[in-house]
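The sequence shown lines up with residues 1 to 392 when you count with full-length UniProt numbering.
Glycine residues also receive a C-beta, built at the ideal position from the N, C-alpha and C atoms.
One structure is given below, encoded as structure tokens.
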Amino acid sequence: MTSAEKDASGQGWLLRILLGWHASFALMGVVLVVLAAFERDPWFVYAVVALIGVAYAVVGAPALGGTAPAGYGWLFLALAFAGTLGMVAVDGLMSIALYVLLPAAFALLQPIRIAVWACLAVTLASDVLILGRRGWTPGAVSDVAVQTATVWLFALLVGFFVTQLLTENRRRGELIAELENVRSELTESYHEAGVQSERYRLAQEIHDTVGQGLTSLLMLIRAADAAIPADPERAHERLALAQKTATENLAEVRAVISASGPAGLSASPLDVAIGKVVARLGQELGIEASAEVLGEPRAPSTDVQVVLLRAVQEALANVRKHAHATRVRVRVRYHARSVQLEVADNGRGFVTGGPSGFGLAGMRARVEQVSGMMTVSSTPGSGTTIKIEVSC
């Protein structure tokens, strides 16, 4: 059941309870008016019944419905009890009003001990007034005691039942409000988490595309600048490659903005895209760079392809910036239920186990997002090998 359905159910119970109170007070008014008709001067009772009716309509009913301050309940009971005792002073039969007023007191006065003391005081006052008119004979005392016990038994049963229902309704309302607040907080937290996740994704994409592209461009331009005096043709080749790299990275930036995935994957399969990235690195650095595919090639999910391509780009960016390698080998091995990627170079290596940079940390985070595993093996002077395996 949803919170809205629970709220509607609780409101339905409350409405039925209020209708019961309205009917009970209306019936009480009718009975009191009928009994007053047998009095010589019924107008006092009529006036008191009218006063209690107005008090119930103005402050009593809103207090019972929980739509008014607690003081409204006290005010209504004070007027109703005072009016009832006035009528009892005229005719002891008017104490019948207590059959309705005492349960109402249990519903309106909290904590329960206050309701008990208030009802006890009114009941004793009514008994004293009745016995004052009838006399303190054993028979009269016995009759009044039986009547008081009946009133209290009825008041306790009805009052306890109604009080429990009202308390449960209020508790349910508070619980629903608390759940709504928690849901609002969770929605805000999810939104914030989504924002942070998107920021991290963009940071990864910018690092893997713009950052690497600018690094590559810088190295090509420097190489071209150094080659201009001695080898203009080689400088021209470097500049042409820089132009091609800039064009490809512009496409990558547009893909990041549109969140459509790497531009290389939209134009060719994963194996071809990886081969192009490796070949370009070989051209830029003038080193031996190879890519091979083992097993029967197939198309993993788009998420897996993105992770593998970005991993190759990041691994080769590290070769470009840090490794000073003369040879790089990339292998894509297809197994029955997984794809394994291996990037190995013969560069200077590094000590593993220490704090890693943003590139390796981002690569590992990407791999974990597709439930893959990544290992980095390297020792100073012996090159670096990165292995990634993901299910497909």
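Note on Phe38: under 16 other CB atoms within 10 angstroms of its CB, so exposed under the neighbour-count rule. For Met87, the uninterrupted alpha helix (DSSP H) segment begins and ends at 70 to 90. Rounded to the nearest angstrom, the Cβ distance from Val59 to Tyr72 is 4 angstroms, consistent with a contact under 8 angstroms. Secondary structure of Arg329 (DSSP, three-state): strand. Counting only the Cα atoms, Phe76 lies some 11 angstroms from Leu109. For Ala311, the closest alpha carbon among the candidates Leu285, Gly282, Gly362 is that of Gly362. Separation of Leu220 and Arg320 (C-alpha to C-alpha, rounded to the nearest whole angstrom) is 11 angstroms. In this structure, the CA atom of Ala89 is about 13 angstroms from the CA atom of Gly135. Closest in C-alpha terms to Gly275, from the list Val293, Asp231, Ile287, comes Val293.
For Ile176, no pairing in a beta bridge is given by DSSP.
Among the bridge pairs identified by DSSP, Met374 is matched with Ile388. Here Val293 carries a strand assignment [DSSP, helix/strand/coil]. Scanning Ser382, Arg238, Gly282, Leu214 for the CA closest to the CA of Leu250 turns up Leu214. Leu250 carries a helical assignment under DSSP once its states are collapsed to helix, strand and coil. Per DSSP, the unbroken beta strand (DSSP E) holding Leu341 starts and ends at 338 to 345. Distance check between Val304 and each of Tyr334, Leu281, His322, Arg329 places Tyr334 closest, using alpha-carbon atoms only. By the Cβ criterion, the segment 338 to 354 is not in contact with the segment 233 to 250, since fewer than three pairs of Cβ atoms, one from each stretch, lie closer than 8 angstroms. For Tyr46, same chain residues with a beta-carbon under 7 angstroms away, outside a window of 5 residues either side, are Val33, Ala36 in chain order.
DSSP places Ile130 in the uninterrupted alpha helix (DSSP H) bounded by 112 to 134. When only Cα atoms are considered, Leu51 and Ala80 end up about 8 angstroms apart. Burial is judged here by how many other beta carbons sit within 10 angstroms of a residue's own beta carbon; Ser126 has at least 16 and is buried.
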